[in-house]
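Undergrad:
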Amino acid sequence: MNDWKTLAPVLLESVGETIYMVAVSLAISGVVGLVIGAALYATRPGNLFANRVVFSVMNVVINVVRPIPFIIFLTAVAPVTRAVAGTTLGTEAAIVPITIMASVVIARVVEQNLVAVDAGTVEAARAVGAKRVSVLFGVVIPEALAPLILGYTFMFIAVVDMSAMAGYIGGGGLGNFAIIYGYQQFNAGATWITVAIIVVIVQSGQLLGNWLAQRVLRR
Amino acid sequence: MPAVIEFDDVTKSFASDRRSAPTVAVDDVTLRVNTGSIVGVIGYSGAGKSTLVRLINGLEHPTSGTVNVLGVDVGRASESELRGLRGRVGMIFQQFNLFNSRTVRANVAYPLKVAGWKKADRDRRVDELLRFVGISDKANQYPRRLSGGQKQRVGIARAIATDPEILLADEATSALDPQTTAEVLDLLREVNRRLGITIVVITHQISIVHELCDEVVVMDGGRVVDSGDTYRVFAHPRADLTRRFVAAVTQGVPSGDVLTSLAAGGGTLLSVEINEFTSEDVSAVFHRHGARHSVVYGGVTDVLGRQIGTLTYRVRVDGAADAAAGSATDAAIDRIVAELAAHTEVHRPEAAVKKEVAS
Numbered sequence: 001m002n003d004w005k006t007l008a009p010v011l012l013e014s015v016g017e018t019i020y021m022v023a024v025s026l027a028i029s030g031v032v033g034l035v036i037g038a039a040l041y042a043t044r045p046g047n048l049f050a051n052r053v054v055f056s057v058m059n060v061v062i063n064v065v066r067p068i069p070f071i072i073f074l075t076a077v078a079p080v081t082r083a084v085a086g087t088t089l090g091t092e093a094a095i096v097p098i099t100i101m102a103s104v105v106i107a108r109v110v111e112q113n114l115v116a117v118d119a120g121t122v123e124a125a126r127a128v129g130a131k132r133v134s135v136l137f138g139v140v141i142p143e144a145l146a147p148l149i150l151g152y153t154f155m156f157i158a159v160v161d162m163s164a165m166a167g168y169i170g171g172g173g174l175g176n177f178a179i180i181y182g183y184q185q186f187n188a189g190a191t192w193i194t195v196a197i198i199v200v201i202v203q204s205g206q207l208l209g210n211w212l213a214q215r216v217l218r219r
Numbered sequence: 220m221p222a223v224i225e226f227d228d229v230t231k232s233f234a235s236d237r238r239s240a241p242t243v244a245v246d247d248v249t250l251r252v253n254t255g256s257i258v259g260v261i262g263y264s265g266a267g268k269s270t271l272v273r274l275i276n277g278l279e280h281p282t283s284g285t286v287n288v289l290g291v292d293v294g295r296a297s298e299s300e301l302r303g304l305r306g307r308v309g310m311i312f313q314q315f316n317l318f319n320s321r322t323v324r325a326n327v328a329y330p331l332k333v334a335g336w337k338k339a340d341r342d343r344r345v346d347e348l349l350r351f352v353g354i355s356d357k358a359n360q361y362p363r364r365l366s367g368g369q370k371q372r373v374g375i376a377r378a379i380a381t382d383p384e385i386l387l388a389d390e391a392t393s394a395l396d397p398q399t400t401a402e403v404l405d406l407l408r409e410v411n412r413r414l415g416i417t418i419v420v421i422t423h424q425i426s427i428v429h430e431l432c433d434e435v436v437v438m439d440g441g442r443v444v445d446s447g448d449t450y451r452v453f454a455h456p457r458a459d460l461t462r463r464f465v466a467a468v469t470q471g472v473p474s475g476d477v478l479t480s481l482a483a484g485g486g487t488l489l490s491v492e493i494n495e496f497t498s499e500d501v502s503a504v505f506h507r508h509g510a511r512h513s514v515v516y517g518g519v520t521d522v523l524g525r526q527i528g529t530l531t532y533r534v535r536v537d538g539a540a541d542a543a544a545g546s547a548t549d550a551a552i553d554r555i556v557a558e559l560a561a562h563t564e565v566h567r568p569e570a571a572v573k574k575e576v577a578s
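Sequence lines, in order, name chains A and B. Its first residue numbered 1, the first sequence is counted upward by one per residue in the working numbering. Its first residue numbered 220, the second sequence is counted upward by one per residue in the working numbering.
1) Following the continuous beta strand (DSSP E) through B:D228, name the residue where it begins and the one where it ends.
2) Can you give me the Cβ contacts of B:R324 inside the same chain, cut-off strictly under 8 Å, excluding the 5 residues immediately before and after it?
3) Let me check one thing: in DSSP terms, what residues is B:G259 bridge-paired to?
4) Are A:A166 and A:G175 closer than 9 Å when you measure CB to CB?
5) Starting from the C-beta of B:I552, find all residues in its chain whose C-beta is less than 7 Å away, skip the five residues before and the five after it, and write them out in chain order.
6) Distance check for A:V159 and A:G205, CA to CA, integer angstroms please.
7) Could you list the residues in the segment 315 to 330 of chain B with a C-beta less than 7 Å from some C-beta on chain A, going in chain order?
8) Taking 8 Å as the threshold, find out whether the segment 365 to 377 of chain B comes into contact with the segment 260 to 267 of chain B through three or more Cβ pairs.
9) At a Cβ threshold of 9 Å, is B:G309 touching chain A?
10) Going by beta-carbon coordinates alone, are B:S490 and B:G471 separated by less than 9 Å?
11) Beta carbon of A:G129, beta carbon of B:R305: below 9 Å?
12) Enumerate in chain order the residues of its own chain whose CB-to-CB distance from A:I106 is below 6 Å, with the five nearest sequence positions on each side excluded.
13) Kindly indicate which three-state DSSP category B:Q526 falls into: helix, strand or coil?
14) Pull up the CB-CB distance for B:I493 and B:G528, whole angstroms please, since I reckon it's below 8 Å.
15) A:L74 to A:G170, Cα distance in whole Å?
16) If you measure from the beta carbon of A:T43 to each beta carbon in chain B, is any gap under 9 Å?
17) Given that a residue counts as buried once 16 or more other Cβ atoms are within 10 Å of its Cβ, and exposed if not, what is B:Q369?
18) Measuring alpha carbon to alpha carbon, tell me which of B:V501, B:D356, B:K338 ends up nearest B:V565.
19) Could you say which of A:P79, A:I36, A:L48 lies nearest to A:N59 if we only look at CA atoms?
20) What do you reckon, are the CB atoms on B:P330 and B:T381 nearer than 9 Å?
21) Using 9 Å as the limit for Cβ to Cβ distance, is B:V333 near chain A?
22) If you follow the beta strand (DSSP E) that B:A483 is part of, which residue opens it and which one closes it?
23) Please compile the residues from chain B whose C-beta is within a distance smaller than 8 Å of the C-beta of A:E143.
24) Would you call B:H506 buried or exposed, if buried means 16 or more other Cβ atoms sit within 10 Å of its Cβ?
25) Please tell me whether B:T422 has its Cβ less than 9 Å away from any Cβ of chain A.
26) Please report the straight-line C-alpha distance between A:A146 and B:D340, rounded to a whole angstrom.
27) Please report the Cβ distance between A:V65 and A:V104, rounded to the nearest whole angstrom; I am assuming they are in contact, meaning their Cβ atoms lie under 8 Å.
28) Within the continuous alpha helix (DSSP H) that includes B:L386, where are the two ends?
29) Beta carbon of B:F286, beta carbon of B:N253: below 9 Å?
30) Could you give the residue range of the alpha helix (DSSP H) that holds B:T563?
31) Output, in chain order, the set of chain A residues within a Cβ distance shorter than 8 Å of B:G303.
32) Between the Cα of B:V410 and the Cα atoms of B:T461, B:F351, B:D396, B:E279, which residue gives the shortest distance?
33) Is the CB of A:T75 under 9 Å away from at least one CB in chain B?
34) Count the other C-beta atoms from every protein chain shown that fall within 10 angstroms of the C-beta of B:N276, then say buried if there are 16 or more, exposed otherwise.
35) Determine the DSSP secondary structure at B:Y361, reduced to helix, strand or coil.
36) For the segment 26 to 84 of chain A, which segments carrying the alpha helix (DSSP H) assignment without a break, of at least 4 residues, lie completely within its bounds, in sequence order?
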């Protein structure tokens with residue numbers, strides 16, 4: 001059994017790794033997912049850039065990737081991970097599969113929230129002669145801002161969850177810590193403190209998201 | 220007067236799905252809208268009015284025929300030409316379609332931004348527009364906080380921001396109460412008179428057309444069934460649908476139970492269409508023939524200051540009190556009908572019922 005004097009620095013480092021993984025993968029997938037989601041919305045039949053072929057291809061790709069259990073996906077995309085990060089082990093390597101999966105899920109979340117924007121608002125923007133791209137990014141996305149913030153909050157939590165699983169393939173972070181020091185060394189204390197820290201991270205994210213969404217909604 | 224909007228044999232159909240036949244929303248429509256006029260397009264929902272108005276600013280493209288707006292061939296124009304055209308054609312909507320994520324000021328400034336106006340010019344123009352529509356005090360509010368009438372004022376300010384030549388109003392007052400509707404109609408009249416903007420109003424409410432429009436287009440099943448000067452169209456309807464629209468506000472010719480109970484009251488019922496031939500003219504005819512008369516059914520309505528409608532009179536002609544009285548009365552009534560018919564439409568609603576019973 002490790003005593004807390006030696007564990008504490010490791011735990012602290014794990015928290016840092018988790019935050020790093022979540023921040024980097026959420027930042028990249030947030031942008032990529034937004035673009036793919038906006039493209040999905042825009043290419044839907046009857047929408048701004050209606051294109052049945054492009055829409056169907058993206059739709060199928062997302063439907064194929066999304067249901068794969070993340071723990072399996074982690075190993076399945078190992079060749080991609082190696083190509084991008086140069087290794088399949090460690091925090092950097094974990095960011096690759098997390099980013100891919102999160103992009104796909106965020107694309108769906110974005111699409112769903114954009115679809116809910118009143119078509120009349122889009123028509124009003126087009127009727128004053130706005131370019132379709134600026135209608136999409138200047139009107140549709142701002143109109144959906146509050147639900148988008150909540151969607152991204154949801155995704156923050158999902159990414160924290162994914163990052164914990166990445167611990168299994170040596171991705172580092174709190175998941176890794178809980179497995180090595182909690183599960184494998186029968187140290188319930190280490191497990192519980194990990195749980196507590198994750199709960200705090202998730203709760204903080206949720207509170208921030210709710211607060212931001214409220215601010216946007218209140219106008 | 221030059222036409223700002225010209226439709227020639229325009230058809231627009233939508234493919235609902237690949238198997239079923241396409242739906243024809245606008246069917247072989249030819250029409251002209253003159254500069255400076257207010258034209259009403261009236262019809263029930265599904266008549267193709269909304270599609271028609273969207274063909275004007277190129278939100279829809281004609282399947283066949285040509286749409287020419289301000290010299291732009293909408294069906295053949297490129298996307299950027301259409302954007303240019305849309306800066307010259309404003310549009311307001313039934314549900315206002317304001318940007319909820321922007322303040323009133325930013326809503327009105329949006330078309331100016333799209334048109335590439337500088338910030339200072341935009342601010343000045345927005346102030347001017349908000350003053351014009353009477354909501355300067357709401358400039359920094361978000362649309363959600365406004366009443367329906369205020370929202371439509373913002374909609375109008377946004378639609379006329381770039382000083383367009385045409386304003387399209389798609390059921391712009393249908394979501395408003397009567398008082399607010401009257402205010403918005405006043406504002407539209409101002410837009411037309413003071414700014415010289417041609418207005419195309421889409422509506423299913425005949426009262427809007429009566430109060431606002433110089434000209435009217437009646438649509439049914441995608442086709443134009445009647446069109447022209449508003450008074451002419453409603454005073455002398457050429458289509459059944461026009462007659463039904465008029466009857467909806469003026470009751471028309473009595474039938475059914477109403478007719479049965481009216482007929483039980485005695486005398487002879489005559490339904491007379493009121494147009495240039497006014498109710499005073501009708502009374503004068505009755506007087507000349509010594510007939511007592513009273514209005515028992517119907518109504519008239521005002522179309523841009525003139526009356527139209529249908530009035531049903533109970534007419535009694537006092538004949539000699541002998542056996543020949545009945546036929547003498549009939550002869551007198553026939554003479555009255557003949558004289559009225561020389562000026563306007565006359566119906567004998569009872570006769571129609573008797574004919575039905577006989578056959």
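Note that beta-carbon positions come from the ideal geometry of N, C-alpha and C, so glycine has one too. Because the structure is a prediction, the values reported are computed rather than measured.
TA: Reading from the atomic positions:
1) Start and end: 222 to 233.
2) Contacts found: V345, L349, A358, N359.
3) BP columns for B:G259 point to B:V420, B:V435.
4) With a cutoff of 9 Å on beta-carbon distance, A:A166 and A:G175 are scored as near each other.
5) Answer for B:I552: T487, V534, V536, listed in chain order.
6) The alpha-carbon of A:G205 is positioned some 11 Å away from that of A:V159.
7) So the close ones are N316, F318, N319, S320, Y329, P330.
8) No, because fewer than three Cβ pairs between the segment 365 to 377 of chain B and the segment 260 to 267 of chain B fall closer than 8 Å, the two stretches do not touch.
9) Closer than 9 Å: yes.
10) Cβ atoms of B:S490 and B:G471: closer than 9 Å.
11) In this structure, B:R305 lies closer than 9 Å to A:G129 by Cβ.
12) Closer than 6 Å at the Cβ level, and outside the excluded window around A:I106, lie S29, G33, M155.
13) Three-state result, B:Q526: strand.
14) At roughly 5 Å, the Cβ-Cβ gap stays under 8 Å, so B:I493 and B:G528 are in contact.
15) Looking at the two C-alpha atoms, the distance is approximately 11 Å.
16) No, A:T43 does not count as interfacial toward chain B.
17) A residue is called buried when at least 16 other Cβ atoms come within 10 angstroms of its Cβ; B:Q369 meets this threshold and is buried.
18) Checking every option, the nearest Cα to that of B:V565 belongs to B:V501.
19) If we check each option's Cα against that of A:N59, A:I36 comes out closest.
20) Yes, these two residues count as a Cβ contact at 9 Å.
21) At least one chain A Cβ lies under 9 Å of B:V333.
22) B:A483 -> no beta strand (DSSP E), and no H or E assigned at all.
23) By Cβ distance, chain B contributes F318, N319, S320.
24) With fewer than 16 other Cβ atoms within 10 Å, it is exposed.
25) No, B:T422 does not count as interfacial toward chain A.
26) Distance between the alpha carbons of A:A146 and B:D340: 31 Å.
27) Between A:V65 and A:V104 the beta-carbon gap is near 5 Å, inside 8 Å, which marks them as a contact.
28) Per DSSP, B:L386 belongs to no alpha helix (DSSP H); it is in the beta strand (DSSP E), 385 to 389.
29) Note that residue 286 of chain B is Val in the sequence shown here, rather than Phe. With contacts defined by Cβ atoms closer than 9 Å, B:V286 and B:N253 do not form a contacting pair.
30) Per DSSP, B:T563 belongs to no alpha helix (DSSP H) and is neither H nor E.
31) Within chain A, the residues near B:G303 are G129.
32) Closest by C-alpha distance to B:V410, out of B:T461, B:F351, B:D396, B:E279, is B:F351.
33) In terms of beta-carbon proximity, A:T75 stays away from the interface with chain B, with every pair separated by 9 Å or more.
34) If you draw a 10 Å sphere on the C-beta of B:N276, you find 16 or more other C-beta atoms in it, and that means buried.
35) The three-state reading of DSSP puts B:Y361 in coil, since its state is none of H, G, I, E or B.
36) Listed in chain order, the complete alpha helix (DSSP H) runs (minimum 4 residues) inside the segment 26 to 84 of chain A are 52 to 65, 70 to 76.
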